[in-house]
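Q: In the working numbering, the protein residues as written are 6 to 212.
Idealized CB from N, CA, C, for every residue including glycine.
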Ligand SMILES: Cc1cc2nc3c(=O)[nH]c(=O)nc-3n(C[C@H](O)[C@H](O)[C@H](O)COP(=O)(O)O)c2cc1C
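1. Going by the CB atoms, is the gap between residue 114 and residue 43 shorter than 7 Å?
2. At a cut of 8 Å, does the stretch 143-155 reach the stretch 90-99 through at least three beta carbon pairs?
3. Ligand 1 and residue 48: does any heavy atom of the ligand fall closer than 6 Å to the residue's C-beta?
4. Please return the same chain residues whose Cβ sits closer than 6 Å to the Cβ of residue 58, not counting the five positions on each side in sequence.
5. Tell me which residue opens and which closes the alpha helix (DSSP H) that residue 98 is part of.
6. Tell me which residue opens and which closes the alpha helix (DSSP H) that residue 115 is part of.
7. By how many angstroms is the C-alpha of residue 156 removed from the C-alpha of residue 23?
8. Mind checking whether residue 185 and residue 200 have CB atoms under 7 Å apart?
9. I need the DSSP call for residue 39, collapsed to helix, strand or coil.
10. Taking the beta strand (DSSP E) that residue 190 falls in, what are its first and last residues?
11. Would you kindly report the start and end of the unbroken beta strand (DSSP E) that includes residue 79?
12. State the CB to CB distance for the pair residue 53 and residue 92, rounded to an integer number of angstroms; the pair is presumed to be in contact (CB under 8 Å).
13. Report, in whole angstroms, the separation of the C-beta atoms of residue 78 and residue 65, which I expect to be a contact under 8 Å.
14. Between which two residues does the beta strand (DSSP E) containing residue 62 stretch?
15. If we ignore side chains and look at the alpha-carbon of each, how far apart do residue 50 and residue 33 end up?
16. So, with DSSP's three-state summary, where would you put residue 10?
17. Report the rounded CA-to-CA distance for residue 72 versus residue 149, giving the unit in angstroms.
18. Do residue 129 and residue 87 have their CB atoms nearer than 7 Å?
19. Span of the alpha helix (DSSP H) holding residue 24?
20. Does the Cβ-Cβ distance between residue 36 and residue 105 come in under 7 Å?
Here is the structure:
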């Protein structure tokens, strides 16, 4: 089959795009607003984009408020900081709950029964239940124009200035033990995948 996204002529019951670009890592973004209210939300339009300096991005669609910003985007643009927590099998329900469409006054960390930890370099808290936290300094936003105003996306870039790794997910040799982390990723529709011992394989790169 072939279709042109703008013509929406795929003829399928659901838009297949999100089911093709998979698996997507989940950036579980914590931030704080200028009044100090914490916010937490998962973003699967998320990835690392460079090594030095380590840089991550996530892409936020339009929010429901007058400024049409999701809380994460508004907070980060206002404060210049955020934390990216890694979502795992153990935190899957809390991660899902934190995606609730709630007003900026709602602290989804508390709502999801999670424990905030102070960060070292930024005001946004880390999530204790996550094995890895990336403390990030906001770099810039790139606007992705949509077909309508409701389709606009804001791609937020941040430099990772501090990294916390739970020692329990390091091997004796000092490698990150992906099998122990229980990382989950986003697939299409309502599907997710878990990275475990069965799904990992290694390959040497050609010289
Ligand atoms: C696994 C998962 C991934 C998501 N990825 C995105 C995303 O990449 N971009 C987006 O705008 N919303 C995404 N959402 C929806 C947001 O989490 C949701 O709109 C949330 O309420 C935004 O919160 P905020 O306004 O506090 O930032 C995702 C939801 C889930 C459950």
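A: On the basis of the coordinates in this document:
1. The residue given as residue 43 occupies position 38 in the chain shown. The residue given as residue 114 occupies position 109 in the chain shown. Closer than 7 Å, so yes.
2. Judged by Cβ distances under 8 Å, the stretch 143-155 makes no contact with the stretch 90-99, as fewer than three pairs qualify.
3. Counting from 1 along the chain shown, the entry for residue 48 is found at position 43. Remark: the shortest separation between the CB of residue 48 and any heavy atom of ligand 1 falls under 6 Å.
4. Taking the chain shown and counting its residues from 1, one reaches residue 58 at position 53. Hits under 6 Å: 164.
5. Working through the chain shown from its first residue, we reach residue 98 at position 93. That run of the alpha helix (DSSP H) goes 97-102.
6. Within the chain shown, residue 115 is the residue found at index 110, counting from 1. Secondary structure note for residue 115: its alpha helix (DSSP H) is the uninterrupted segment 113-116.
7. The residue given as residue 23 occupies position 18 in the chain shown. The residue given as residue 156 occupies position 151 in the chain shown. Each residue's CA atom was taken as its position, placing residue 23 and residue 156 some 15 Å apart.
8. Here residue 185 is taken as the residue at index 180 of the chain shown, counted from 1. Here residue 200 is taken as the residue at index 195 of the chain shown, counted from 1. In this structure, residue 200 does not lie closer than 7 Å to residue 185 by Cβ.
9. Your numbering for residue 39 matches position 34 in the chain shown. Reduced to three states, the DSSP call for residue 39 is coil.
10. Counting from one through the chain shown, the residue named residue 190 turns up at place 185. It spans 189-191 - the beta strand (DSSP E) in which residue 190 sits, taken as one unbroken run.
11. The residue given as residue 79 occupies position 74 in the chain shown. Taken as a continuous stretch (DSSP letters only), residue 79 belongs to no beta strand (DSSP E), being part of the alpha helix (DSSP H) at 76-84.
12. In the chain shown, residue 53 corresponds to position 48, counting from 1. In the chain shown, residue 92 corresponds to position 87, counting from 1. Actually they are not in contact, since the Cβ atoms of residue 53 and residue 92 sit about 15 Å apart, beyond 8 Å.
13. Within the chain shown, the letter at position 73 stands for residue 78. Within the chain shown, the letter at position 60 stands for residue 65. Going by Cβ atoms, the distance from residue 78 to residue 65 rounds to 4 Å, so yes, they are a contact pair.
14. Locating residue 62 in the chain shown gives position 57, where the first residue counts as 1. 60-65 is the extent of the beta strand (DSSP E) around residue 62.
15. For the purposes of this step, residue 50 is identified with residue 45 of the chain shown, where counting begins at 1. For the purposes of this step, residue 33 is identified with residue 28 of the chain shown, where counting begins at 1. Inter-residue distance for residue 50 and residue 33 is about 11 Å (C-alpha atoms, whole angstroms).
16. One-based indexing of the chain shown puts residue 10 at position 5. When secondary structure is reduced to three states using DSSP, residue 10 falls in the helix class.
17. Position 67 of the chain shown, counted from the start, is the residue given in the question as residue 72. Position 144 of the chain shown, counted from the start, is the residue given in the question as residue 149. Near 16 Å, if we compare the C-alpha coordinates of residue 149 and residue 72.
18. As a first step, residue 129 must be located in the chain shown, where it is residue number 124. As a first step, residue 87 must be located in the chain shown, where it is residue number 82. In this structure, residue 129 places its C-beta atom within 7 Å of the C-beta atom of residue 87.
19. By 1-based counting over the chain shown, the position of residue 24 is 19. 22-25 is the extent of the alpha helix (DSSP H) around residue 24.
20. Taking the first residue of the chain shown as position 1, residue 36 is located at position 31. Taking the first residue of the chain shown as position 1, residue 105 is located at position 100. Remark: C-beta atoms of residue 36 and residue 105 do not approach each other more closely than 7 Å.
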